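What follows is a single structure, written as structure tokens, with notes after it.
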Amino acid sequence: MIETPELIAALAAAPAKVRRLHAPVLRACAWLGLAAVLVAVLALEHGLRPDLAAQLRKPHFAISLAASLLTGVCAVIACLQASLPDRSRAWLLLPLPPLALWLSGLGYGCLTDWVMMEPNMEDPGETLRCLTTVAVTSLPLGLALLVLLRHAERLRPTLLTLTAGLAVAAIATLALSLLHSIDATAMVLLFNLGTVTLILAIEWIWGRSALAWLSRRTV
Amino acid sequence: MAATLMRPGPRPTDPSQWSQLMARAQDGDAAAYGLLLRTVTPYLRAIASRAHRNAADAEDSLQDILLTLHQMRHTYDPARPFKPWLAGIAQHRIADRLRHRLRRSAREVSLDFEHEALASVPAAQTGMDHRALHAALGSLPEGQRQAVLLLKLQELSLREAAASSGQSAGALKVAVHRAIKALRALLLKGDDR
Numbered sequence: 006m007i008e009t010p011e012l013i014a015a016l017a018a019a020p021a022k023v024r025r026l027h028a029p030v031l032r033a034c035a036w037l038g039l040a041a042v043l044v045a046v047l048a049l050e051h052g053l054r055p056d057l058a059a060q061l062r063k064p065h066f067a068i069s070l071a072a073s074l075l076t077g078v079c080a081v082i083a084c085l086q087a088s089l090p091d092r093s094r095a096w097l098l099l100p101l102p103p104l105a106l107w108l109s110g111l112g113y114g115c116l117t118d119w120v121m122m123e124p125n126m127e128d129p130g131e132t133l134r135c136l137t138t139v140a141v142t143s144l145p146l147g148l149a150l151l152v153l154l155r156h157a158e159r160l161r162p163t164l165l166t167l168t169a170g171l172a173v174a175a176i177a178t179l180a181l182s183l184l185h186s187i188d189a190t191a192m193v194l195l196f197n198l199g200t201v202t203l204i205l206a207i208e209w210i211w212g213r214s215a216l217a218w219l220s221r222r223t224v
Numbered sequence: 002m003a004a005t006l007m008r009p010g011p012r013p014t015d016p017s018q019w020s021q022l023m024a025r026a027q028d029g030d031a032a033a034y035g036l037l038l039r040t041v042t043p044y045l046r047a048i049a050s051r052a053h054r055n056a057a058d059a060e061d062s063l064q065d066i067l068l069t070l071h072q073m074r075h076t077y078d079p080a081r082p083f084k085p086w087l088a089g090i091a092q093h094r095i096a097d098r099l100r101h102r103l104r105r106s107a108r109e110v111s112l113d114f115e116h117e118a119l120a121s122v123p124a125a126q127t128g129m130d131h132r133a134l135h136a137a138l139g140s141l142p143e144g145q146r147q148a149v150l151l152l153k154l155q156e157l158s159l160r161e162a163a164a165s166s167g168q169s170a171g172a173l174k175v176a177v178h179r180a181i182k183a184l185r186a187l188l189l190k191g192d193d194r
């Protein structure tokens, strides 16, 4: 094992000038900007759902939409704040109130709707387009958020990764609600949080975090 | 006047100076960075020693924290105090190491006297295996025996073995492959008997 004074000498030998990380809120804004661009591109390509104006007049839909947006915003701010060593992990509680509001609107009906949709699919193409929307929003946003969090790979990042998954799920649901006529919140949540759980399981088996892997490849 | 001369200026080891030193380190000032690392080491060692009973573990932990500090130095915001940032890194790294240690100790069994006594039994077997191997080696053709001796027992590189034996590297590779195959057959036959 190298002696501590030698380690210090080695670390101090070439301290290249580093580019300081921007404030978490600024980085959260950049990520939300990317999300807005993605949703706008999808809206241009696919078009907004035809009954959007009518739906927005329904309190249930409007509250659900606002709650998912708020959950996404709070979750991304929370995980970026908590990823810094001098910030409290209590930040991770920030998305819980809007999440509770969002899930309270979800209810049991949505789960059963999703299950019932499978055998009686009137238009399988629409379901495929929904899945494409979820994938096209979730994958780039998820990857971008992991890149933004890569500096935290040595700070016990499991909860940060889970909160990042929640942020992505919330934004993907928002995109889905604006573009498609089906309410697939449960599906999107399961898709995103399932993916995060899968990543965490692989990390546990592999003994190495995805953020560490990303960190080696992007720094 | 005397009082003014005697008044101590801000010491470099003063935690209020750490933030400035770190800001200069972020700008590439090697001297400031070295001074900062040396200055924070006793503080970090005290934190690590409270968490680990074993001095070597505490030192490992200290080095881990220093490495993480180095890796994350771009995340420090000079507008904020340095000590909570540093303490945060220390807390996370120590918690992570303790958790890994706990997980590892759950999978490991410490060796005690009985294990050592059992471990000494196969020593006699090792001697027998050794003799059997030498007998098997003796029955190999000269080229194959030489290839095994040079490449496997003396652990020479292919180039060194080729220079020493006068055989080409390709011929040595083939000879050692055939020798291992023949040895395996001979030793398995010996076991069956």
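Each protein sequence line maps, in turn, to chains W and V.
If you want the numbering used here, it's the 1-based position in the first sequence plus 5.
If you want the numbering used here, it's the 1-based position in the second sequence plus 1.
Idealized CB from N, CA, C, for every residue including glycine.
None of the values given here were measured: they were computed from a predicted structure.
Is residue i close to the ligand FMN? I mean its beta-carbon at under 8 angstroms from any heavy atom of the ligand.
| i | result |
| --- | --- |
| residue 28 of chain W | Among the ligands in the structure shown, none appear at all, so the ligand FMN cannot be discussed. |
In chain V, which residues lie less than 7 angstroms from residue i when you measure between Cβ atoms?
| i | result |
| --- | --- |
| residue 161 of chain W | 93, 96 and 97 |
| residue 32 of chain W | Ordered by position in chain V, no residue passes the 7 angstroms Cβ test against residue 32 of chain W, which lies about 11 angstroms from the chain. |
| residue 153 of chain W | Correct list: empty, because the minimum Cβ distance to chain V is about 12 angstroms. |
| residue 232 of chain W | Nothing in the structure corresponds to residue 232 of chain W, since chain W is present only between 6 and 224. |
| residue 184 of chain W | By Cβ distance, chain V contributes nothing, its closest Cβ being about 37 angstroms from residue 184 of chain W, past 7 angstroms. |
For a contact defined as C-beta to C-beta under 8 angstroms, what are the partners of residue i on chain V?
| i | result |
| --- | --- |
| residue 13 of chain W | 35, 38, 39, 42 and 67 |
| residue 26 of chain W | 75, 76 and 78 |
Give the C-beta separation of residue i and residue j to the nearest angstrom, bearing in mind that I take them to be a contact with Cβ-Cβ under 8 angstroms.
| i | j | result |
| --- | --- | --- |
| residue 141 of chain W | residue 74 of chain W | That pair is no contact at about 18 angstroms. |
| residue 170 of chain V | residue 18 of chain W | Not confirmed; about 41 angstroms, so no contact. |
| residue 90 of chain W | residue 93 of chain V | 7 angstroms |
| residue 171 of chain W | residue 139 of chain W | With a Cβ gap of about 15 angstroms, residue 171 of chain W and residue 139 of chain W do not count as contacting. |
| residue 86 of chain W | residue 29 of chain W | 5 angstroms |
| residue 179 of chain V | residue 145 of chain V | 6 angstroms |
| residue 107 of chain V | residue 148 of chain V | With 8 angstroms as the limit, residue 107 of chain V and residue 148 of chain V do not qualify as a contact, their Cβ atoms being about 46 angstroms apart. |
| residue 54 of chain W | residue 185 of chain W | 6 angstroms |
| residue 32 of chain W | residue 153 of chain W | 6 angstroms |
| residue 52 of chain V | residue 99 of chain V | 7 angstroms |
| residue 44 of chain W | residue 165 of chain W | The pair is not a contact, with the Cβ atoms about 24 angstroms apart (cut-off 8 angstroms). |
| residue 34 of chain W | residue 168 of chain W | At roughly 17 angstroms, the Cβ-Cβ gap does not stay under 8 angstroms, so residue 34 of chain W and residue 168 of chain W are not in contact. |
| residue 42 of chain V | residue 202 of chain W | The pair is not a contact, with the Cβ atoms about 40 angstroms apart (cut-off 8 angstroms). |
| residue 204 of chain W | residue 40 of chain W | Contact doesn't hold; Cβ gap of about 20 angstroms is too wide. |
| residue 67 of chain V | residue 12 of chain W | 6 angstroms |
Could you tell me which chain V residues have their CB closer than 9 angstroms to the CB of residue i, listed as they occur along the chain?
| i | result |
| --- | --- |
| residue 150 of chain W | Those do not exist, as residue 150 of chain W stays about 16 angstroms from chain V at its closest Cβ, beyond 9 angstroms. |
| residue 9 of chain W | 42, 46, 60, 63, 64 and 67 |
| residue 156 of chain W | 72, 73, 75 and 76 |
| residue 16 of chain W | 34, 35, 38, 67, 68, 70 and 71 |
Just to confirm the assignment, what range does the alpha helix (DSSP H) spanning residue i have?
| i | result |
| --- | --- |
| residue 34 of chain V | 31–52 |
| residue 42 of chain W | 29–51 |
| residue 145 of chain V | 143–149 |
| residue 91 of chain W | That residue, residue 91 of chain W, is in no alpha helix (DSSP H); it is neither H nor E in DSSP. |
| residue 76 of chain V | Element bounds for residue 76 of chain V: n/a, residue is neither H nor E. |
| residue 11 of chain W | 9–18 |
| residue 167 of chain V | No alpha helix (DSSP H) contains residue 167 of chain V, which DSSP labels as neither H nor E. |
| residue 97 of chain V | 83–108 |
| residue 16 of chain V | 16–27 |
| residue 59 of chain W | 57–61 |
Listing by chain order, which chain W residues have their CB less than 7 angstroms from the CB of residue i?
| i | result |
| --- | --- |
| residue 90 of chain V | 90 |
Could you work out which residues of chain W lie near residue i, taking near to mean beta carbons separated by less than 8 angstroms?
| i | result |
| --- | --- |
| residue 86 of chain V | 89, 90 and 91 |
| residue 81 of chain V | 91 |
Item to check | Every unbroken alpha helix (DSSP H) inside the segment 135–188 of chain W [4 residues or more] | outcome: Runs found: 163–184.
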